[in-house]
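Residue numbers (this note's numbering): 5 to 192.
We treat Cβ as the ideally placed atom computed from N, Cα and C, and that holds for glycine.
None of these values were measured; they are calculated from a predicted model.
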């Protein structure tokens, strides 16, 4: 179920500042590039997936109080904002109409996924960081797929930045797994 829902977005210029997503949203309001249906679907799902990650991490952090998650939650919000800026740029309808934690569009699978992931993550700290690792692995795979489907420069730029950020998040979760359960075996 997790891999069937994850779909993301990207962009192609180098982004170096921590406020890069704010800079991306200021790069022009409209685009002359016409997105394919696959690109539209990816962008819409990507926005929801970033919200899913932010919301799951928020709930897990309220229970387990993992300091490293504070930065990742803020980063996921910036990812949501970057996707929203692309939705606006391409004049699409934003699927996120309610930003409350755990609230998703009625016709999406994200409600069930949110419940599944938070339920698992609330069973133990180890399971919480495993959930985070799983989300980031799926995110990276999704972003790579989206990069292969688009030539829109702004999407390539955003997706590339998000992939890099997700790789950092994945490393943070793996580091936490090693701290919590040093005998766990996994591959990056």
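- Counting along the chain, the unbroken alpha helix (DSSP H) around residue 57 starts and ends at 41-68.
- DSSP, reduced to helix, strand and coil, places residue 98 outside both helices and strands of the structure shown, so it counts as coil.
- Residue 131: member of the alpha helix (DSSP H) spanning 129-153, first to last residue.
- Within the same chain, Cβ atoms closer than 6 angstroms to the Cβ of residue 67 are found at 126, the five residues on either side in sequence being excluded.
- Shown here for residue 76: same chain residues with a beta carbon closer than 7 angstroms to its own, the five before and five after excluded, namely 61, 173, 176 in chain order.
- Non-local C-beta neighbours of residue 65 in its own chain, meaning closer than 6 angstroms and more than five positions away in sequence, comprise 73, ordered along the chain.
- In terms of Cα proximity to residue 120, the closest of 47, 51, 56, 44 is 56.
- Comparing C-alpha distances from residue 109 to each of 143, 58, 49 shows the shortest one belongs to 49.
- Under the Cβ criterion (8 angstroms, minimum of three pairs), the segment 39-54 counts as touching the segment 75-93.
- Residue 140 counts as buried, since at least 16 other C-beta atoms from the protein chains shown sit within 10 angstroms of its C-beta.
- For the pair residue 115 and residue 59, the Cα-to-Cα distance works out to about 11 angstroms.
- Taking all protein chains shown into account, residue 161 has 16 or more neighbouring C-beta atoms within 10 Å of its C-beta and is therefore buried.
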